[in-house]
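Chains as they are written, first to last, in this note's numbering: chain A, 192 to 502; chain B, 192 to 502; chain C, 192 to 502.
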């Protein structure tokens, strides 16, 4: 008999707050949401999701809103800090203690690390971290895991590379924590020296998964089941010449893909720029637009679990 | 047998347009909305509220939107003037005559005094004034009254102080008019000389309620049942030194609260800044976050009354 | 027995993609939507419309959103490019391939010509062109036709004038194409020399309708059943003096209307500025605010047809 979990009223702040069993359960509910994401349902009728986005993110905001609408609920909120009361000098704690009166659950995107955790301390309704600073983006990690599971049938045993900006990219932090809960065969971390994975993340996953840090994709692509690509931003480099020098090593194009294994899948949290050119879209490796859809069903699972519409 | 009121199709422009009996009736309906604000209803299914906010106000806009969603209706609109057609030079009358085709009721926030009244003259659907210039904010006054009634059991007999910027604060204007309809024991108006209550408001409430103007809270706090605090903005003072000199007298902190009566409640329309420090939140006096919730049920009452879903 | 049309899954990019029979059918469905636009329906329950507005347009956006809500569906989206991912450098193709996972249909407003067509090539869900550059605005043309049909009982046989900026005004381009499918008696094109109708449009409608180009309204107003007025923007003239010289000839005021036929109707896509002063609103000719309502039922017809809720 399977273990029972209780997600009702729970905050979704960090992927680190979840056990492997809990994540597996969320992914199972996500799968059950697939048909409802197409036809809609009344599971959350009368419920309201507030999307409070203190920095713009079309993708994540619309994904949450679609998830809520397809569950029969409603959404309110704001899409950037310009329209919010913070223009009048209100602090986050007051904004949260206000908005918790208007909604049954809040999805919060904020430029500062720790913002989601702070919000959860003040709120009596559940808070979902929709990205806080360069720190974490737990719902993205869940949809990444769901994509691997759906495409490869398993997460255990996979050889996964996270590539690009591993220092400031919040999605790779959450994903690295999440993968360390599984028996992945190997976790490659591919980045320029300047943008290596944060020490705190390396510490946390040490001993749980075999980590190999690299500065070039070419050496390891033959050994990958999953290549997770992220943007490298020019502004991260004090010297622009340095950026120009390294950026070629983190570009996934048809040339480097010649060395790929047949079953490789390429993921990307999007939006992408030159690191993943459009020529890759038509290859059998591309799965980044499927990720977008998967984000909806994962968020439907989370919303229905924490609002008690699913056990 | 109780008197019957007809709110169907009615504009909510000024609190002065309402009799005490009408206000009491709205507050009674608001109370009946409390459970529906939690579980939702289908009372306004198929109806649309347009929230036209020509200046940003997260709080009021989200409050109206939640109210509409919990009644089963939908919302459309804009959150600031930037996205509106006024960028193409359209006047308010044309905007209203356009949007009245898209909605069943309009909530309008506008920086100019008289804007809501003008809109109501052009529109064939009901207009709710969600704040116009420094003039009035009638739904805020109704939720303030509702909070007093809910917390103190009565409005008659209360000793109420309005404190802060009484000259430019639209909420205190509407609330002063509203309180003059009740037998309040005393109405203290506490403000710096420069920000005294407008003459037109004083004229209108004269003789209906005992008004005492003060420049300091400390002298009167022992006599208060309700302390209504508002922000004082630095920009109102031609001389910044003058602001620094007076601001301490309008700050509600634990020190001044030592002289408070046990049953005192503190209200604030929010957002707050330094006039109401966070240390007050944990005292038994604080009711300003309860006000936020009360705003939802009051707006549910108004929407359902003017759209004919409640008699 | 009437011919059957299949609109399911179809893009609405250009009015040129439609036959007269198809347009007549859309207008017939629009008429059937009139009562539902008042009371609402559940025809598109569980369906989502994404309104992606890369330039602001309150009118068109709210019209689409009302249409979707009155059909029982939901909406998501953004009201200007500021909040969208394009700030992070995302191209339109990627935005579309993302958002198509979040919605059942997309209404796209974009400053560039060809944007809607490009979007339709990438998307697997239907795209509705809600205005692309100075090129086309097909749903506006449909609502213009619907207004003529509703107000005059027929489109065939009418004498119609399009006046104002015929070079950059996207609504007049779409409308000219549309009118060329009907047996209009005469199509007057009234504009300053600098803002004459584009050659490509003239080429396309040549031989299908009698076109008369004019530089003044006064000469022809006595011969008109429909006067379609559009804004002339000062910025179009290299020499401001030139603008001041001509603008009077394209102003519709009570004076020029003295020469109008009794049955004349005046249309305008709105927003208007000085070319159509408020004094005209009270004349029996004004129909431009009725157009706004007609836009809703036409868009309800399109949404329900392409999403398969109506055959």
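Don't be surprised by glycine CBs; every beta carbon is placed ideally from N, CA and C.
At a Cβ threshold of 8 Å, is residue 522 (chain A) touching chain B? Since the first residue shown for chain A is 192 and the last is 502, residue 522 (chain A) is missing from the structure and cannot be characterised.
Just the C-alpha distance for residue 405 (chain C) and residue 388 (chain C), rounded to the nearest angstrom, thanks. In the third chain, counting from the first residue as 1, residue 405 (chain C) sits at position 214. In the third chain, counting from the first residue as 1, residue 388 (chain C) sits at position 197. Using only the alpha carbons, I get a separation of about 11 Å.
Outcome for residue 468 (chain A) when other beta-carbon atoms lying within 10 angstroms are tallied against a minimum of 16: The residue you call residue 468 (chain A) lines up with position 277 of the first chain. The residue is exposed, with fewer than 16 neighbouring Cβ atoms inside 10 Å.
Against chain B, does residue 233 (chain A) count as a neighbour if the rule is that its beta carbon must be under 8 Å from one of theirs? As a first step, residue 233 (chain A) must be located in the first chain, where it is residue number 42. So no, residue 233 (chain A) is outside the interface.
Closer than 8 Å, CB to CB, is residue 457 (chain A) near chain C or not? If you number the first chain from 1, residue 457 (chain A) lands on position 266. Not one chain C Cβ lies under 8 Å of residue 457 (chain A).
Using the C-alpha atoms, what's the distance from residue 270 (chain B) back to residue 285 (chain B)? Indexing the second chain from 1 puts residue 285 (chain B) at position 94. Indexing the second chain from 1 puts residue 270 (chain B) at position 79. The alpha-carbon atoms of residue 285 (chain B) and residue 270 (chain B) are separated by roughly 18 Å.
Return the Cβ separation of residue 486 (chain A) and residue 334 (chain A) in integer angstroms, given the expectation that the two are a contact with Cβ distance under 8 Å. Numbered from 1 along the first chain, position 295 holds the residue referred to as residue 486 (chain A). Numbered from 1 along the first chain, position 143 holds the residue referred to as residue 334 (chain A). Yes, residue 486 (chain A) and residue 334 (chain A) are in contact; Cβ-Cβ is about 4 Å, under 8 Å.
Between B:416, B:197, B:365, which has its C-alpha nearest residue 475 (chain B)'s C-alpha? Start at 1 with the first residue of the second chain, and residue 475 (chain B) comes out as number 284. That would be B:416, whose Cα lies nearest to the Cα of residue 475 (chain B).
Using the Cβ count rule (16 or more neighbours within 10 Å means buried), how would you classify residue 345 (chain C)? Along the third chain, read from residue 1 onward, the residue named residue 345 (chain C) stands at position 154. That one is exposed.
Delimiting residues of the alpha helix (DSSP H) encompassing residue 365 (chain B): One-based indexing of the second chain puts residue 365 (chain B) at position 174. That run of the alpha helix (DSSP H) goes 361 to 370.
By the criterion of Cβ-Cβ separation under 7 Å, what are the contact partners of residue 444 (chain B) in chain C? Working through the second chain from its first residue, we reach residue 444 (chain B) at position 253. Here the premise fails: no neighbours, minimum Cβ distance about 39 Å.
What residues in the segment 414 to 430 of chain C have a beta carbon less than 9 Å from any beta carbon of chain B? 422
Looking at the C-beta of residue 462 (chain C), does it have a partner C-beta in chain B at a distance below 8 Å? Translated into positions along the third chain, residue 462 (chain C) becomes position 271. Taking Cβ atoms only, chain B reaches closer than 8 Å to residue 462 (chain C), which makes this a yes.
Closest by C-alpha distance to residue 504 (chain A), when choosing among A:450, A:356, A:332, A:343: There is simply no residue 504 (chain A) to check, as chain A begins at 192 and stops at 502 in what is shown.
6 Å CB neighbourhood of residue 192 (chain B) in its chain, flanking five on each side removed: For the purposes of this step, residue 192 (chain B) is taken as the residue at position 1 of the second chain. Because the pLDDT at residue 192 (chain B) is just 41, under 50, the model does not fix this residue reliably, and the value given afterwards should be weighed accordingly. So the list is empty, once near-sequence residues are dropped.
Flag this pair as touching only if the segment 307 to 314 of chain C and the segment 202 to 214 of chain C have three or more C-beta atom pairs under 8 Å; answer yes or no. Yes, since at least three Cβ pairs between the segment 307 to 314 of chain C and the segment 202 to 214 of chain C fall closer than 8 Å, the two stretches touch.
Run through chain D and tell me which residues come within less than 8 Å of residue 261 (chain B), C-beta to C-beta. Structure shown: chain D not included; protein chains present are A, B and C.
Which residue or residues does DSSP assign as beta-bridge partners of residue 242 (chain C)? Translated into positions along the third chain, residue 242 (chain C) becomes position 51. In DSSP, residue 242 (chain C) forms a bridge with C:268, C:298.
Check whether the segment 375 to 392 of chain C and the segment 427 to 447 of chain C touch, using three or more Cβ-Cβ pairs below 8 Å as the test. Segments in contact, yes.
Okay, do the segment 393 to 402 of chain B and the segment 445 to 453 of chain B touch, 3+ Cβ pairs below 8 Å being the bar? no
Please list the segments of the beta strand (DSSP E) lying wholly inside the segment 447 to 498 of chain B, counting only runs of 3 or more residues, in order along the chain. 456 to 458
Residues of the segment 244 to 257 of chain A with a CB closer than 9 Å to any CB of chain C: list them in chain order, please. 244, 247, 248, 249, 250, 252, 253, 254, 256, 257
Verify the CB distance criterion: does residue 196 (chain C) have a CB-CB separation below 8 Å to chain A? The count along the third chain starts at 1 and reaches residue 196 (chain C) at position 5. By this cut-off, residue 196 (chain C) is not an interface position.
For residue 419 (chain C), the first and last residue of its enclosing alpha helix (DSSP H): On the third chain, residue 419 (chain C) is found 228 positions in, with the first residue counted as 1. No alpha helix (DSSP H) contains residue 419 (chain C), which is instead part of the beta strand (DSSP E) from 417 to 420.
Under 8 Å by Cβ, that's how I've got residue 289 (chain A) and residue 328 (chain A) pegged, so tell me the actual separation to the nearest angstrom. The sequence position of residue 289 (chain A) within the first chain is 98, counting from 1. The sequence position of residue 328 (chain A) within the first chain is 137, counting from 1. In fact, because the Cβ distance is near 25 Å, the residues do not count as touching under 8 Å.
What is the DSSP secondary structure of residue 386 (chain B), counted as helix, strand or coil? Against the second chain, residue 386 (chain B) aligns to sequence position 195. Residue 386 (chain B) carries a helical assignment under DSSP once its states are collapsed to helix, strand and coil.
Under the rule that 16 or more other beta-carbon atoms within 10 Å means buried, what is residue 291 (chain A), buried or exposed? The sequence position of residue 291 (chain A) within the first chain is 100, counting from 1. Counting Cβ neighbours within 10 Å, residue 291 (chain A) comes out buried, since at least 16 surround it.
Between residue 507 (chain A) and the rest of its own chain, which residues show a CB-CB distance below 6 Å, the 5 nearest in sequence each way excluded? This structure cannot settle anything about residue 507 (chain A), because the visible part of chain A is limited to 192 through 502.
Comparing alpha-carbon positions, which option in B:237, B:224, B:243 lies nearest residue 258 (chain B)? Numbered from its first residue, the second chain carries residue 258 (chain B) at position 67. With distances taken between Cα atoms, residue 258 (chain B) lies closest to B:224.
Assign residue 320 (chain C) to buried or exposed, taking buried as 16 or more other Cβ atoms, counted over all protein chains shown, within 10 Å of its Cβ. The residue labelled residue 320 (chain C) in the question sits at position 129 within the third chain. So residue 320 (chain C) counts as buried.
Who pairs with residue 320 (chain A) in a beta bridge, going by DSSP? Translated into positions along the first chain, residue 320 (chain A) becomes position 129. According to DSSP, which records beta bridges pairwise, residue 320 (chain A) is partnered with A:299.
What residues in its chain sit with their C-beta under 6 Å from that of residue 381 (chain A), if we drop five residues either side in the sequence? Here residue 381 (chain A) corresponds to residue number 190 of the first chain, with the count starting at 1. Counting only Cβ-Cβ distances below 6 Å, and skipping sequence neighbours, we find 352, 354, 405, 408.
Would DSSP call residue 350 (chain C) helix, strand or coil? Locating residue 350 (chain C) in the third chain gives position 159, counting from the first residue. Reduced to three states, the DSSP call for residue 350 (chain C) is strand.
Distance, Cα to Cα, residue 501 (chain A) vs residue 219 (chain A)? In the first chain, residue 501 (chain A) corresponds to position 310, counting from 1. In the first chain, residue 219 (chain A) corresponds to position 28, counting from 1. About 12 Å.
Closer than 8 Å, CB to CB, is residue 270 (chain B) near chain A or not? Counting from one through the second chain, the residue named residue 270 (chain B) turns up at place 79. Chain A contact via Cβ: present.
Among C:432, C:293, C:261, which residue has its Cα nearest to the Cα of residue 267 (chain C)? Within the third chain, numbered from 1, the residue matching residue 267 (chain C) stands at position 76. Taking only the C-alpha atoms, the option nearest residue 267 (chain C) is C:293.
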